Amino acid sequence: MLPRNQTGSQILAELGAISTDKPTMKEAIPTTEDENESDEGKGEIPNCKFSACGDPMHNLTACEGIATPALIQVTTPKATARKIVGKRHLQQQDLSCTDMEGTKLDLYCVRTENVNVDLLQYQRPISTSTSPQDRALHCTTSSMGHIFTCLPTRQRPLRYPGKESSSDIDMYILFSCFISSFSFLLLAGMGLLRYAAFFGVSALLIRYGLYMLYTKHPIHVDGEIDSKFDGVQKAFEQNFEDGWEAEGASLAVFVKGRKVVDLWGGYADVQAARIWRKDTMSVVFSTTKAVAALCIALLADRGRLKYGDLVSKHWPGFAKNGKGNITIEWVMSHMAGLHYFDTPVTEEMARDHNLMRKIIEDEVPKIPPGTASGYHTYTYGWLVDQIIRHTDEKKRGIGQFLREEITQPNGIDFHIGLNLSEEYRMARVTPLPVMEVIREIIRNPPVGIIIYNIMTANKNSPFARSIANPSWSDMVTKCTINNPEHHTLEQAAAFGIGNARSLAQIFNLFVNGRIVSEKTLKFLEKPVINETDYVTQAPMVKGHGFFYRPPIGGNLPIIGHDGHGCQQLTIDLERKAVIAYVTNGVKMGMYDTCRTYVRLHNAVYDVIKHS
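Every letter in the sequence shown is one number past the one before it in the working numbering, and letter 380, counting from 1, is 380.
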């Protein structure tokens with residue numbers, strides 16, 4: 001079970017383990033191959049508070065004051081490892097210990113792989129630490145009511161019970177690739193292309209299966225959660241257990257102004273085994289559009305603009321080339337007919353708002369404005385930025401406006417235009433592997449139709465044009481969004497940066513009337529258009545910069561916005577609840593077609609529907 005709404009520093013303060021000194025961590029004890037190794041003769045650690053506790057098969061030593069974080073060692077003879085670990089992947093075990101004063105100590109170990117281990121070493125982390133060791137065991141007396149998670153920071157290579165180690169499997173994978181390639185070429189050379197293709201696909205499937213089976217990292221999950229939402233924690237963990245969440249993710253839920261779920265887990269960079277921490281951030285892609293919509297709503301609430309205003313009322317130059325009748329609402333509802341720009345936008349141009357203003361003024365609508373809604377994939381960001389610059393009394397851009405009016409005053413860690421000094425906290429976005437695409441299509445055939453439409457789209461189709469410019473932003477194959485320079489751009493269509501907590505914090509303030517008035521909230525309850533989108537060819541209900549979904553057991557719609565790769569913002573206006581989900585592992589689908597989010601969404605509503 002995860003800590004209940006307490007920070008690491010608060011917990012350590014209660015334990016008396018906070019120290020101003022930062023001695024170096026004791027060197028890890030090496031593992032051994034001897035199954036019968038005993039703990040007798042192990043040197044004592046000075047100033048120990050707990051020692052020699054547990055059943056005869058275990059020895060746990062927790063020390064106070066020798067290091068921060070305090071070192072805790074759990075020695076597990078190989079012969080008993082399976083008994084402790086249990087099933088492969090997430091399996092919780094309870095170890096009861098007693099300290100030297102007779103106080104019971106409860107130790108919970110979770111997310112340990114089923115491996116043959118001689119020694120698992122754990123550490124108690126401090127939430128403010130950025131050390132690689134900040135990832136492991138918490139334990140304390142049960143009388144204080146704190147229950148924590150643990151994760152091995154050091155363990156032997158993963159082993160499948162009774163099988164070869166991962167290093168051996170790597171050799172088998174390489175060998176199978178060589179044999180597969182040779183056989184494919186041989187069959188193809190003999191003119192048996194049909195058999196060659198079948199053999200090649202089968203070999204790839206086998207190779208992929210072996211790779212996925214033997215190269216998984218230990219599962220990491222952390223966070224805070226209200227006890228009523230334990231099912232949400234289990235659902236979040238289950239996504240990692242089942243391999244649906246191959247990278248990292250964060251989930252946050254607010255209900256009636258109170259944070260009830262704040263979870264994060266997995267890896268910010270799975271190739272580097274860099275775990276997702278509390279302050280890890282990722283690109284939220286098109287979910288950024290909802291944040292931009294909130295900025296427009298704030299300006300409307302202050303009387304700086306009206307949704308029905310012509311854009312040219314505030315920005316006269318915009319009226320050129322047949323754009324004079326376009327309203328602010330048409331821009332927000334993707335009805336301006338400007339779903340792509342004819343002028344190629346370079347990265348240098350994107351940083352010059354005056355140049356972008358001239359480009360927009362010279363653009364001609366691609367379809368008659370107001371006649372259809374066509375998703376403005378990238379152009380939305382530049383259009384909204386210019387509207388804000390022309391209506392804000394201080395003439396600020398979207399990034400500065402958001403920072404000074406919403407995030408900074410409320411201590412929220414969300415950015416449109418990230419300072420490069422914060423880049424070390426960024427998660428690496430990973431495209432969906434081809435084999436995962438195939439698996440997604442098998443599980444969810446409608447996703448296959450969407451993929452087919454994308455892959456077969458004519459290069460001159462509205463959708464293809466909407467994502468082709470800017471050419472330097474490739475979110476599908478090259479994943480150029482990982483370029484740190486791109487993170488500094490103030491682009492409100494797809495370049496917002498934060499995590500589930502920060503995204504949920506923003507819209508928790510919004511739904512509880514702390515950013516805009518109740519009158520504006522009431523206005524935003526009603527969508528503007530409900531039809532098949534001209535660009536995506538998908539049915540969409542839109543308005544004021546948000547997506548709208550049917551009510552869930554109430555009368556008011558669910559609003560929010562999806563983002564590429566299954567980023568999700570869900571706002572329940574009736575229950576004043578906000579769900580935010582951010583992941584760096586690109587997935588297929590969105591909202592009710594994204595399986596990782598569906599599982600989490602259902603777990604949340606299992607609780608709030610009855611509260």
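Cβ atoms here follow ideal geometry from the backbone N, Cα and C, with glycine treated the same way.
Quantities reported herein were computed from a predicted structural model and do not represent experimental measurements.
### Task
Kindly identify the DSSP beta-bridge partner or partners of Arg549.
Looking at the DSSP output, Arg549 bridges to Ile558.
### Message
Does the region 315-325 come into contact with the region 349-356, if we say contact requires no fewer than three beta-carbon pairs (one atom in each stretch) closer than 8 Å?
### Response
Verdict: no, contact absent.
### Message
Please identify the residue among Thr371, Val607, Val434 and Arg514 whose C-alpha is closest to the C-alpha of Asp533.
### Response
Nearest of Thr371, Val607, Val434 and Arg514 to Asp533, Cα basis: Thr371.
### Query
In the structure shown, what three-state DSSP assignment does His353 receive?
The three-state reading of DSSP puts His353 in helix, counting H, G and I together.
### Message
Please state whether the Cβ-Cβ distance between Glu574 and Leu600 is less than 8 Å.
### Response
No. Outside cutoff.
### Query
Residues in its own chain within less than 6 Å of Trp634 by CB, not counting five upstream and five downstream?
Shown here, the chain extends from 1 to 611; a query on residue 634 therefore has no answer.
#### Entry: Three-state class that DSSP yields for Asp606 in the structure shown
It is helical.
### Query
Just how far apart, CA to CA, sit Ser421 and Thr488?
When only Cα atoms are considered, Ser421 and Thr488 end up about 10 Å apart.
### Message
Within a Cβ cutoff of 7 Å, which residues of the same chain sit near Thr536, ignoring the five residues on either side of it in sequence?
### Response
Excluding residues within five positions, the ones whose Cβ falls inside 7 Å are Tyr375 and Phe463.
### Message
Mapping the DSSP letters down to three states, classify Gln271 as helix, strand or coil.
### Response
In the structure shown, the three-state DSSP call for Gln271 is coil.
### Task
Put Thr407 into one of helix, strand or coil per three-state DSSP.
Of the three classes helix, strand and coil, the one that applies to Thr407 here is helix, per DSSP.
### Message
Please confirm whether Met356 has its beta-carbon closer than 8 Å to some beta-carbon of chain B.
### Response
Checking the listed chains, one finds no chain B in this structure; it contains a single protein chain.
### Query
Say the cut is 7 Å; is the CB of Val516 nearer than that to a heavy atom of the ligand SAM?
In terms of ligand content, the structure shown is empty, and the ligand SAM therefore cannot be addressed.
#### Entry: Contiguous alpha helix (DSSP H) assignments of at least 4 residues, all confined to the region 469-541
As far as the region 469-541 is concerned, its whole alpha helix (DSSP H) runs of at least 4 residues are 484-487, 500-511 and 518-524.
### Message
Taking DSSP's pairing of strands, which residues face Arg258 in a bridge?
### Response
DSSP output for Arg258 lists Val255 as bridge partner(s).
### Query
With Lys526 and Ser333 assumed to form a contact (beta carbons below 8 Å), what rounded beta-carbon distance in angstroms separates them?
That belief does not hold up - the Cβ atoms of Lys526 and Ser333 are roughly 12 Å apart, past 8 Å.
### Query
Between which two residues does the beta strand (DSSP E) containing Gly223 stretch?
Per DSSP, Gly223 belongs to the beta strand (DSSP E) from Val221 to Ile225.
### Task
Could you please give the first and the last residue of the uninterrupted beta strand (DSSP E) stretch that includes Leu569?
Per DSSP, the unbroken beta strand (DSSP E) holding Leu569 starts and ends at Gln567 to Asp572.
### Message
Am I right that Thr650 and Ser466 are in contact with their C-beta atoms under 8 Å? What's the rounded C-beta distance?
### Response
The shown model of the chain, from 1 to 611, leaves out residue 650, and the question about it has no answer.
### Query
By Cβ distance, which residues of its chain are closer than 6 Å to Arg302, with the 5 residues on each side in sequence left out?
Cβ neighbours of Arg302 beyond the five flanking positions: none.
### Query
Should Gln233 go down as buried or exposed, given a rule of 16 or more other Cβ atoms within 10 Å for buried?
Counting Cβ neighbours within 10 Å, Gln233 comes out buried, since at least 16 surround it.
### Pairwise C-alpha distance: Val429 and Asp269
Rounded to whole angstroms, Asp269 to Val429 spans 8 Å at the Cα level.
### Task
Could you tell me which residues DSSP puts in a beta bridge with Thr583?
According to DSSP, Thr583 bridges with Ala249.
### Message
Rounded to whole angstroms, what is the Cα-Cα separation between Glu518 and Leu294?
### Response
Cα-Cα distance, rounded: 14 Å.
### Query
What does a CB cutoff of less than 8 Å around Arg443 pick up in its chain, not counting 5 residues either side in sequence?
Around Arg443: Arg595.
### Query
Can you list, in chain order, the residues of its chain whose CB lies under 7 Å from that of Val511, leaving out five sequence neighbours each side?
Taken in chain order, the residues that qualify are Ile571, Leu573, Lys576 and Val578.
### Query
Fully enclosed by the region 304-375, which alpha helix (DSSP H) runs are 4 residues long or longer?
Unbroken alpha helix (DSSP H) stretches of 4 residues or longer found wholly inside the region 304-375: 311-314, 328-332, 347-350 and 353-362, given in chain order.
### Task
Take the Cβ of Lys366 as the centre, count every other Cβ of all protein chains shown within 10 Å, and call the residue buried at 16 or more, exposed below.
Counting Cβ neighbours within 10 Å, Lys366 comes out buried, since at least 16 surround it.
### Message
For Asp279 and Ile497, what's the separation of their Cα atoms in angstroms?
### Response
The straight-line gap from Cα to Cα measures roughly 12 Å.
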